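Quick note on numbering: the sequence shown equals residues 0 to 449 in numbering that gives the first Met the number 0.
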Amino acid sequence: MYRSNNPFSVFIWSVFLLSSHAFAQNPIIRNQFTADPSARVFGDRIYIFPSHDILAEEGKGRIGWFCMEDYHVFSSENLTDWMDHGTIIQQTKVDWVNPDSYSMWAPDCIEKNGKYYFYFPSTPNKTITEDKGFCIGVAISDKPEGPYVPESKPIKGVRGIDPNVFIDHDGQAYLYWSQGHIYAARLKDNMLELDSEVKILEDLPTKGLKEGPFVFERHGIYYLTYPHVAEKTERLEYAISDNPLGPFKFKGVIMDESPTGCWTNHHSIIQFKNQWYLFYHHNDYSPDFDKARSVRADTLHFNADGTIQKVKPTLRGIGISDATKEIQIDRYSRLDSFGASTAFLDSLNTFKGWRLKLNKPEAWVQYNTVDFGSKLLKSVVLKVKSSTGGTLEVRSKGINGMLLSRVIVPESDNWKEIKAPLVKSESNIENLFIQLKSNSEIEIDWVRFE
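Have a look at this one:
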């Protein structure tokens, strides 16, 4: 159970939260806690509109529970470099929101006629209703990164959480949300009012919590995707229809329950540059407290009949890594499970990231899709630590691939940057492979080519 005097809470105010950029690999946002990602393609960039987990403390939220006071927006043009555009909405600056609620839960954003509509749930103040529960409001901007101006009142006739908006080919917009059931209704052209009766989406699994709807269309099939507690924690499921309002037929599971017991998952699905992606969350930076989560992303694929192939979560994530920038090798694609492992660099400040440990001869790690570029690279730099010293081999293409460098790691109990010449230079996009070639133990923070 989380307690406010846990030393883990100290790092939330670290300098890492002040950074304006986050970098690739999972989790993709690495400067703060983020959850419930709504990913959208606007122009030639992906924008992510997540909720923003913070750690509750006395007088600030409910200790041991979800705590969220604002929203940020992030964007990328290459799936690798993510920019934090800063805060776009705060609970103290929305007329209808209780300013002490800390309940700015999962949002969504959509573009229509050059305007960007940001939908978000929260607990209303008593000027709106005396009833308990959530309302859903809208903020409007001329740009996806903001600034956003919130409407003074929430959407009339909507009570619940997890808003999602889908605009069909004919321009008709639909609002989906959850509160015990999953609900749907048409929106008026102003995107601020309902234009139909509220409909409960039936024919979905009846046992266990369903929430977080996200609807999209592909090849004439409308996909209703949602988290569902079928057993103990949420898994991602989907149903299909030939109509945005259903009826929907349950088809299967997109992602299984978390193997480490993270209770929630919440997602979005988009196509970007001819590839489909699943954005979701996990408690990577907070393994002992699953109310502090982090956004992830992995590729998603369809079968010929339109059904969705199950997505297996990865650490490598998405995007192409630049060989000349620091590659976090601990976010691996494949790993020798008998002689390689990862751990936090600093358990009290997990935003510092992870380290890789190789401790058996021939232990290895593979990191896919590294862009070595077209220029001649001459050396490799590794940030390493080893109390024994030892030897590493750096290869491309795999365990039997081209040898790029043999690196002699000196004995040291402190982290050191070691540079070694390349015996051959790789070009274009290849997989990176590092193997321990000595009877020793070596830890690696990152690797970079020059």
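Beta carbons: idealized from backbone N, C-alpha and C, even for Gly. These numbers were taken from a predicted model, which means no experiment stands behind them.
Phe350 in three-state terms, based on DSSP: In this structure, Phe350 counts as helix in the three-state DSSP scheme.
First and last residue of the uninterrupted beta strand (DSSP E) at Gly136: Annotation for Gly136: the continuous beta strand (DSSP E) segment containing it runs Cys134 to Ser140.
Straight-line gap, His265 to Leu78 (C-alpha atoms, nearest Å): If you draw a straight line from the Cα of His265 to the Cα of Leu78, it comes to about 19 Å.
Arg61 classed as buried or exposed, judged by whether at least 16 other C-beta atoms fall within 10 angstroms: Within 10 angstroms of the beta-carbon of Arg61 lie fewer than 16 other beta-carbons, which makes it exposed.
Continuous beta strand (DSSP E) stretch holding Cys108: start and end: Per DSSP, the continuous beta strand (DSSP E) segment holding Cys108 begins and ends at Asp107 to Lys111.
Expected contact under 8 Å - CB spacing of Glu361 and Gln434 to nearest Å: Right, the Cβ-Cβ distance comes to about 6 Å (below 8 Å), so this counts as a contact.
Residue range of the beta strand (DSSP E) that includes Lys418: Run containing Lys418: Ser411 to Pro420, per the beta strand (DSSP E) assignment.
Nearest-angstrom Cα separation, counted from Asn189 out to Met67: CA-CA distance, Met67 to Asn189, rounds to 28 Å.
Lys248 versus Phe41 - alpha carbon distance: Between the alpha carbons of Lys248 and Phe41 lies a gap of roughly 30 Å.
Own chain residues within Cβ distance below 6 Å of Phe48, not counting five before or after: Once the five neighbours on either side are set aside, the close Cβ partners of Phe48 are Ser37, Val72, Pro106 and Cys108.
Classification of Trp81 by the beta-carbon crowding that lies within 10 angstroms, buried from 16 upward: Burial call: buried.
Under 8 Å between C-beta atoms of Val422 and Val406: No Cβ-Cβ contact shorter than 8 Å links Val422 with Val406.
Simplified DSSP state of Lys209, which is helix, strand or coil: Look at Lys209 here: in three-state DSSP terms it is strand.
Contact between the stretch 202-213 and the stretch 173-188 (3+ Cβ pairs under 8 Å): Contact check between the stretch 202-213 and the stretch 173-188: three or more CB pairs, one atom from each, fall below 8 Å, which counts as touching.
Which listed residue (Lys351, Asp255, Gly316 and Gly352) has its alpha carbon closest to that of Lys309: Of the listed residues, the one whose Cα sits closest to Lys309 is Asp255.
With 16 other Cβ atoms within 10 Å as the buried cut-off, status of Thr126: Residue burial annotation: Thr126 is exposed, with fewer than 16 other C-beta atoms found within 10 angstroms of its C-beta.
Residues near Ser8 in its chain [Cβ-Cβ closer than 6 Å; skip 5 each side]: With a pLDDT of only 42 at Ser8, under 50, the local geometry of the prediction cannot be trusted, and no value is derived from it.
Inter-stretch contact (C-beta, 8 Å, three-pair minimum) for the stretch 291-308 and the stretch 338-347: Flag = no, the stretch 291-308 and the stretch 338-347 do not touch.
Gln327: first and last residue of the uninterrupted beta strand (DSSP E) it sits in: Element bounds for Gln327: n/a, residue is neither H nor E.
Three-state class that DSSP yields for Thr341 in the structure shown: Of the three classes helix, strand and coil, the one that applies to Thr341 here is strand, per DSSP.
Segments of 3+ residues assigned as beta strand (DSSP E) that fall wholly inside the stretch 370-439: For the stretch 370-439, whole beta strand (DSSP E) runs of length 3 or above, ordered along the chain, are 378-385, 389-395, 401-408, 411-420 and 428-435.
Cβ shell of Glu440 (< 8 Å), same chain only, five flanking positions each side left out: Taken in chain order, the residues that qualify are Lys356, Leu357, Asn358, Ser385, Ser386, Thr387 and Gly389.
Cross-strand partners of Phe307 (DSSP beta bridge): Note on identity: in this sequence residue 307 is Ile, with Phe being the wrong assignment. Ile307 pairs with Phe301.
Environment of Gly113 [buried if 16+ CB atoms lie within 10 Å]: Per the 10 Å Cβ criterion, exposed.
Every unbroken beta strand (DSSP E) within the stretch 38-74, with a cutoff of 3 residues, ordered by chain: Taken in chain order, the whole beta strand (DSSP E) runs of length 3 or more contained in the stretch 38-74 are 44-50.
Thr91, DSSP secondary structure in three states: Reduced to three states, the DSSP call for Thr91 is helix.
At least 3 beta-carbon pairs within less than 8 Å: the stretch 137-150 vs the stretch 207-226: Contact fails: fewer than three Cβ-Cβ distances are below 8 Å.
Status (buried if at least 16 other CB within 10 Å, exposed otherwise) for Thr453: Examination of residue 453 is not possible in this model, given that the chain is present from 0 through 449 alone.
Best match in Ser378, Ser140, Gly397 and Lys290 for proximity to Val446 [C-alpha to C-alpha]: Ranked by Cα distance from Val446, the first of Ser378, Ser140, Gly397 and Lys290 is Ser378.
From Ile199, Thr298 and Ala303, residue whose alpha carbon lies closest to that of Arg315: Here the closest residue by C-alpha is Thr298.
Residue environment, Trp414, which counts as buried when at least 16 other CB atoms sit within 10 Å: It is exposed - the Cβ of Trp414 has fewer than 16 other Cβ atoms within 10 Å.
Secondary structure of Met82, DSSP reduced to three states: Correct three-state label for Met82: strand.
Closest by C-alpha distance to Lys92, when choosing among Thr128, Lys111, Gly136 and Gly132: Ranked by Cα distance from Lys92, the options Thr128, Lys111, Gly136 and Gly132 are led by Gly136.
Spatial distance of Phe448 from Phe271 (CA atoms): A direct Cα-Cα distance of roughly 29 Å separates Phe448 from Phe271.
Same chain only: Cβ atoms within 8 Å of Trp104, ignoring 5 sequence neighbours per side: Closer than 8 Å at Cβ, skipping near neighbours: Asp35, Ser50, Phe65, Met67, Phe119, Pro120, Ser121, Phe133, Ile160 and Asp161.
heavy atom of the ligand NAD below 7 Å from Leu435 C-beta: This structure lacks the ligand NAD, and indeed carries no ligand of any kind.
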